[in-house]
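Mind the numbering: the sequence shown is residues 1 to 600 in this note's numbering, read in order.
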Amino acid sequence: MNTIIVQLFSMALHRFAQKRQVRSFEQTISMFIRLLEREPERFLDTLTRFSKDSRWVHRYIAGRELYRFLQVDSKKVADIWFALADDDNLYVREGAAKGIVAVSAISFNEVWCFWEKAFTHSSDKVRQTAAMTFIKVWEIPIARERLLSVYSHLQGDSSAKVTTIVDTYIAPLLGKNEKTVVLPEHYFTTEEFPVPSKLIDQIIGQERAVDLIKLAARQKRSVLLIGEPGTGKSMLAKAMSEILPASSLEDIIVEMNEEERNVPRVRRLPAGEAERLIKQREKDVYASITALRWITGFACAVSLFVSVFYFVTRNNPIFILGGLIAIPLFYWFGKSIKAKSSSQLPKSLISHRKTSQAPFIDATGSHAGALLGDVRHDPYQSGGLEAMPHHLVEPGAIHLANNGVLFIDEIATLTLESQQSLLTAIQEKKLSITGRSPGSSGTMIRTEPVPCDFLMILAGNLLDIDKIHPALRSRIRGYGYEIYMNTTMDDTEKNRDKLSLFVAQEVRRDRKIPHFSREAVEAVIKKAKEMSGYSNKLTTCFRELGGLIRAAGDIAVQADAPIVLEEHVQQAQIICLSIEEQMDLDQTSSISLQQVRCKA
């Protein structure tokens, strides 16, 4: 190929890369490749020369396009790929990774013959490139078993760059916890336990549910959680919002519609822009109002001066009367302009200022207006005192959960009409806000469709299943997952360690009770075994178990003990009895007392 043409393409690619114009960069590469394809006999030689070029763009193209010649000269292509995978430039390494991924979809076994060595290579850069390819190659079903065999090498890698890729992308992809918490073998109190920072890693006894929640978050699926109270349904929902990326969040404002007053316009903005836009509009309005105030003030002063002047010169009181009438008129005019200007300001429906994670909205027990949005009633509907329609609009939980998680517990409390509207919102990913209170002036107002693209998590118990709208449940079954929460888990050493960790988590979460001793933790585990109802099981109903932990901590605080002891847990078991258990205990005590009296 002509050297001048290559030079021109290189200059263009460098310019697009510096300005981060990705689309133009890719289009230029496509044109460049089409020119290279016109000389197929020299294509491989050109790419080989590019792989050694000082310009990173040429090395990037070589790594990305070499997959075309794997079957022609596999050894040569493999050597070049390993060289590019060890390149100092990250973009070049990404290009090599793209080329390897592209050919893996066609002939994975041929690639794996040489690329398997990359996962244990001596170079950190090569292993980082291998980790990049892992993410996309995982989508190939026949490759998964081979990839799992090298996953352990990536987990224990000494390079921080490799572990970052594993923790951020590969571990969630495989549905595995990012970090495995190792408990100390010999501990004195639970203060020594390292508690995971992420909520998803704190969930105990629900491994299958955790894996499905991670998968649902990645694939944007809805979830139905069914199980006994206290098994971690709401905790799973909150954990899902932590997994979702916050990069796709957006602000939503509602503006006045000059054409149709009762159909306010809806506008979408990047996250954080709504507040800035409204403040800018307020500044503009304030500037215009200030100018009008000066004009009306000057007019008042002139009218006062003229009325006094003519009163003195003509000796006629009618001029004073005219001035007294003109000044209030000017004042009223200034006030009306201010009110009119303020009413035209947009209203922020949803604003994300400094949000580090996707929104989590708990809509449990919400009525139709709170769930689907509403328009407030305006008591002043005429006479110049009425509010602008767009200022009366209030977002619903489905709109606040846009690009986040909407959680509804006790699904049976939701009416069938609300469930039908919820289904419409899920399908359309947008829903207009209108007045939902009969007799309210807001029923005349209906906004343009407001975005509500959320992940829905419904929760309830077995009796609630029959009260779910058939179409809504069908939607979940077709586009999501149904999960039954475990009520017990096996009594193994690993699960006992998890229960010990749960005690430490509850102590840190409560912040008002001391840590537990080893003996106290053993007493809690023993109680968990009793609550399960089986000799070889432990309960996963952690709400009641958490109540026991807090009660034992309160007893320790009352006794001024620095840590919670086994005796405190035993005392807590008595005071934590349910009403029914207390009644049974009272009746048993009365019968025993009567038997003693009879014997006496």
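Ideal placement from N, C-alpha and C gives every residue a C-beta, glycine not left out.
Just so it is clear, the structure is predicted and the values come from calculations on it, not from any experiment.
Item to complete: Might you give, ordered along the chain, the residues of its own chain that have their beta carbon closer than 7 angstroms to the beta carbon of GLN582, omitting 5 neighbours on each side?
Response: Locating residue 582 in the sequence shown gives position 582, counting from the first residue. Cβ within range, chain order: n/a, list empty.
Fill in: Contact test: ASN89 Cβ vs the ligand GDP heavy atom, cutoff 7 angstroms
This structure simply doesn't include the ligand GDP, nor any ligand for that matter.
Worksheet item: Nearest to ALA552 by CA position, among ARG543, THR539, GLU566, PHE542, is which residue?
Response: Within the sequence shown, the letter at position 552 stands for residue 552. Nearest of ARG543, THR539, GLU566, PHE542 to ALA552, Cα basis: GLU566.
Worksheet item: Does the region 419-439 come close enough to the region 491-511 to have 3 or more Cβ pairs within less than 8 angstroms?
Response: no
Practice prompt. Apply the 10 Å Cβ neighbour rule to PHE542 and answer buried if 16 or more other Cβ atoms are within range, or exposed otherwise.
Written response: By one-based count along the sequence shown, residue 542 stands at place 542. By the neighbour-count rule (16 or more Cβ atoms within 10 Å), PHE542 is buried.
Item to complete: Measure the beta-carbon distance from SER222 to GLY404 and round it to whole angstroms, keeping in mind my assumption that it falls under 8 angstroms.
Response: Position 222 of the sequence shown, counting from 1, holds the residue named residue 222. Position 404 of the sequence shown, counting from 1, holds the residue named residue 404. Not quite, the Cβ-Cβ distance comes to about 13 angstroms (not below 8 angstroms), so this is no contact.
Item to complete: Please state whether DSSP places ASP491 in a helix, a strand or coil.
Response: Working through the sequence shown from its first residue, we reach residue 491 at position 491. DSSP places ASP491 in coil when its eight states are reduced to three.
Worksheet item: Just checking, does the region 188-202 make contact with the region 158-171 on the three C-beta pairs under 8 angstroms criterion?
Response: no
Practice prompt. Please report the Cβ distance between ALA274 and ILE253, rounded to the nearest whole angstrom; I am assuming they are in contact, meaning their Cβ atoms lie under 8 angstroms.
Written response: For the purposes of this step, residue 274 is taken as residue 274 along the sequence shown, with counting starting at 1. For the purposes of this step, residue 253 is taken as residue 253 along the sequence shown, with counting starting at 1. That belief holds up - the Cβ atoms of ALA274 and ILE253 are roughly 5 angstroms apart, short of 8 angstroms.
Worksheet item: Going by alpha carbons, who is nearest to CYS113 out of VAL126, GLY99, ARG146?
Response: Here residue 113 refers to the residue found at position 113 of the sequence shown. Closest by alpha carbon: ARG146.
Worksheet item: How about ALA397 and ILE350: are their beta carbons less than 8 angstroms apart?
Response: On the sequence shown, residue 397 is found 397 positions in, with the first residue counted as 1. On the sequence shown, residue 350 is found 350 positions in, with the first residue counted as 1. No, these two residues do not count as a Cβ contact at 8 angstroms.
Discussion item. Classify ILE318: buried if its beta carbon has 16 or more other beta carbons within 10 angstroms, exposed otherwise.
Written reply: What you label residue 318 is simply residue 318 of the sequence shown in a count that begins at 1. Exposed.
Item to complete: Measure the alpha-carbon distance for PHE309 versus VAL302 and round it to whole angstroms.
Response: Within the sequence shown, residue 309 is the residue found at index 309, counting from 1. Within the sequence shown, residue 302 is the residue found at index 302, counting from 1. The straight-line gap from Cα to Cα measures roughly 10 angstroms.
Worksheet item: Between GLU448 and LEU392, what straight-line distance do the alpha-carbon atoms span, to the nearest angstrom?
Response: Within the sequence shown, numbered from 1, the residue matching residue 448 stands at position 448. Within the sequence shown, numbered from 1, the residue matching residue 392 stands at position 392. Spanning the two alpha carbons is a distance of roughly 14 angstroms.
Worksheet item: Which partner residues of ARG146 appear in the DSSP bridge assignment?
Response: Residue numbering aside, residue 146 sits at position 146 when the sequence shown is read from its first letter. In the DSSP output, where bridge partners are listed per residue, ARG146 has none listed.
Worksheet item: Quick one: what does DSSP say ASP86 is sitting in, helix, strand or coil?
Response: Position 86 of the sequence shown holds residue 86. Reduced to three states, the DSSP call for ASP86 is coil.
Discussion item. Using 8 angstroms as the threshold, is the C-beta distance between ALA102 and LEU84 below it?
Written reply: Within the sequence shown, the letter at position 102 stands for residue 102. Within the sequence shown, the letter at position 84 stands for residue 84. No, they are not a contact pair.
Practice prompt. Could you please give the first and the last residue of the uninterrupted alpha helix (DSSP H) stretch that includes GLU470?
Written response: Counted from its first residue, the sequence shown places residue 470 at position 470. A small fix is needed here, since residue 470 is Pro in this sequence, not Glu. First-last of the alpha helix (DSSP H) with PRO470: 470-479.
Worksheet entry | Element boundaries [alpha helix (DSSP H), containing PHE114] | By one-based count along the sequence shown, residue 114 stands at place 114. PHE114 -> alpha helix (DSSP H) spans 108-115.
Worksheet item: Whose CA, out of GLU394, VAL569, CYS452, TYR91, lies closest to the CA of HIS58?
Response: Indexing the sequence shown from 1 puts residue 58 at position 58. The residue with the shortest Cα to Cα distance from HIS58 is TYR91.
Fill in: Runs of alpha helix (DSSP H) lying entirely within the region 202-256, each at least 4 residues, in chain order
207-219, 233-243
Discussion item. Quick check: what's the CA-CA separation for SER122 versus ASN109?
Written reply: Counting from 1 along the sequence shown, the entry for residue 122 is found at position 122. Counting from 1 along the sequence shown, the entry for residue 109 is found at position 109. Rounded to the nearest angstrom, the two C-alpha atoms are 23 angstroms apart.
Practice prompt. Decide yes or no for the touch test of the region 452-462 against the region 196-205: beta carbon pairs closer than 8 angstroms, at least 3 of them.
Written response: no
Worksheet item: Taking DSSP as the reference, what is the three-state secondary structure of LYS347?
Response: For the purposes of this step, residue 347 is taken as residue 347 along the sequence shown, with counting starting at 1. Correct three-state label for LYS347: strand.
Discussion item. Taking 7 angstroms as the limit between beta carbons, can you name the residues of its chain near GLU255, skipping five residues before and five after?
Written reply: On the sequence shown, position 255 is the one that residue 255 refers to. Once the five neighbours on either side are set aside, the close Cβ partners of GLU255 are PRO264, ARG265, ARG267, PRO346, HIS390.
Worksheet item: Hey, out of PRO514, THR443, SER578, whose CA is closest to SER558's CA?
Response: As a first step, residue 558 must be located in the sequence shown, where it is residue number 558. Per the sequence shown, residue 558 should be read as Gln rather than Ser. Of the listed residues, the one whose Cα sits closest to GLN558 is PRO514.
Item to complete: State the start and end residues of the unbroken beta strand (DSSP E) segment that holds ALA368.
Response: The count along the sequence shown starts at 1 and reaches residue 368 at position 368. Taken as a continuous stretch (DSSP letters only), ALA368 belongs to no beta strand (DSSP E), being part of the alpha helix (DSSP H) at 368-372.
Discussion item. Rounded to the nearest angstrom, what separates LEU577 and ALA523 at their Cα positions?
Written reply: The sequence position of residue 577 within the sequence shown is 577, counting from 1. The sequence position of residue 523 within the sequence shown is 523, counting from 1. Their backbone Cα atoms lie some 16 angstroms apart in a straight line.
Worksheet item: Could you give the distance in angstroms between the alpha-carbon of HIS153 and the alpha-carbon of LEU423?
Response: For the purposes of this step, residue 153 is identified with residue 153 of the sequence shown, where counting begins at 1. For the purposes of this step, residue 423 is identified with residue 423 of the sequence shown, where counting begins at 1. So the two alpha carbons sit approximately 45 angstroms from each other.
Item to complete: Taking the CB atoms as reference points, tell me whether TYR500 and VAL564 lie closer together than 8 angstroms.
Response: What you label residue 500 is simply residue 500 of the sequence shown in a count that begins at 1. What you label residue 564 is simply residue 564 of the sequence shown in a count that begins at 1. Contrary to the premise, residue 500 reads as Ser rather than Tyr in this sequence. For SER500 and VAL564, no; Cβs fall outside 8 angstroms.
Item to complete: Report, in whole angstroms, the separation of the C-beta atoms of LEU47 and VAL72, which I expect to be a contact under 8 angstroms.
Response: Numbered from 1 along the sequence shown, position 47 holds the residue referred to as residue 47. Numbered from 1 along the sequence shown, position 72 holds the residue referred to as residue 72. The Cβ separation is near 11 angstroms, so there is no contact.
Worksheet item: According to the neighbour-count rule (16 or more other Cβ atoms, all chains shown, within 10 Å of its Cβ), is ILE142 buried or exposed?
Response: Locating residue 142 in the sequence shown gives position 142, counting from the first residue. ILE142 should be labelled exposed.
Worksheet item: Starting from MET456 and walking both ways along the alpha helix (DSSP H), at which residues does that stretch end?
Response: Stepping through the sequence shown from its first residue, residue 456 is reached at position 456. Here MET456 belongs to no alpha helix (DSSP H); instead the beta strand (DSSP E) covers 455-460.
Discussion item. Does LEU414 come out as helix, strand or coil in the three-state DSSP assignment?
Written reply: Start at 1 with the first residue of the sequence shown, and residue 414 comes out as number 414. Looking at LEU414 - three-state DSSP - the assignment turns out to be coil, as it is neither helix nor strand.
Worksheet entry | Three or more C-beta pairs below 8 angstroms linking the region 200-216 and the region 544-551 | no
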